[in-house]
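Asks:
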Amino acid sequence: MKYQNFLFLTTIFIGVYMVYFPVIEAYEAKVFMDMDFVTYCKVWAEDQGHNHIAGDTKFHECDDDSGDIVIGTGRDGPDDWYWIIAKTATISGTDDYYHEGFVNHTCVCVQGNTWHIHIKAHIIDNIDNCVGHKVCDM
Numbered sequence: 001m002k003y004q005n006f007l008f009l010t011t012i013f014i015g016v017y018m019v020y021f022p023v024i025e026a027y028e029a030k031v032f033m034d035m036d037f038v039t040y041c042k043v044w045a046e047d048q049g050h051n052h053i054a055g056d057t058k059f060h061e062c063d064d065d066s067g068d069i070v071i072g073t074g075r076d077g078p079d080d081w082y083w084i085i086a087k088t089a090t091i092s093g094t095d096d097y098y099h100e101g102f103v104n105h106t107c108v109c110v111q112g113n114t115w116h117i118h119i120k121a122h123i124i125d126n127i128d129n130c131v132g133h134k135v136c137d138m
């Protein structure tokens with residue numbers, strides 16, 4: 001009888017754990033910088049309420065030698081849209097460039113210069129499948 005109680009309690013514990021502590025795989029965006037030489041920018045993600053989710057908070061070099069960044073959104077639901085925003089630093093101030101919203105993993109390329117940015121993106125099933133030259137050459 002004690003063994004049956006142990007199995008019953010173990011089953012209840014596992015069920016409660018699965019409900020209250022689910023595995024969360026938040027959407028991610030891998031962003032490649034392919035900007036002109038000496039262009040400073042910051043790139044981040046916002047939710048539907050224009051709240052900063054993740055990404056840059058300070059300006060940095062965004063030329064093609066600056067590598068890539070991964071932005072984890074912390075969201076994974078079918079209604080958890082997020083937007084990728086790029087901002088450049090100019091003499092006259094700053095300019096924002098938005099891309100359409102996403103509700104999945106995304107591979108992003110930010111191209112251009114201080115005065116004009118073009119954001120290319122495509123949906124991917126796994127962030128590890130995101131390759132810079134493929135998205136930037138689309």
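Anchor point for the sequence shown: position 30 equals 30 in full-length UniProt numbering, and the numbering is continuous, going up by one each time.
The beta carbon of each residue, even a glycine, is placed where N, CA and C say it ideally should be.
Just so we're clear, the structure is a prediction, and the values are computed from it rather than from any experiment.
1) Quick one: grab the DSSP three-state call for D125.
2) Give the single residue among H50, A54, A121, I124 whose Cα lies nearest to the Cα of V43.
3) Looking at the C-beta of F8, does it have a partner C-beta in chain B at a distance below 7 Å?
4) For the ligand SAH, is there any heavy atom lying closer than 6 Å to the beta carbon of K42?
5) Under the three-state reduction of DSSP, which class applies to T10: helix, strand or coil?
6) How is G112 classed by DSSP in three states: helix, strand or coil?
7) Could you check where the beta strand (DSSP E) with K30 kicks off and where it finishes?
8) According to DSSP, is V38 part of a helix, a strand, or is it coil?
Replies: Answer, in terms of the structure:
1) coil
2) A54
3) Among the chains of the structure shown, chain B does not appear; only one protein chain is present.
4) As far as ligands go, the structure on display features none, and thus does not contain the ligand SAH.
5) helix
6) strand
7) 28 to 35
8) coil
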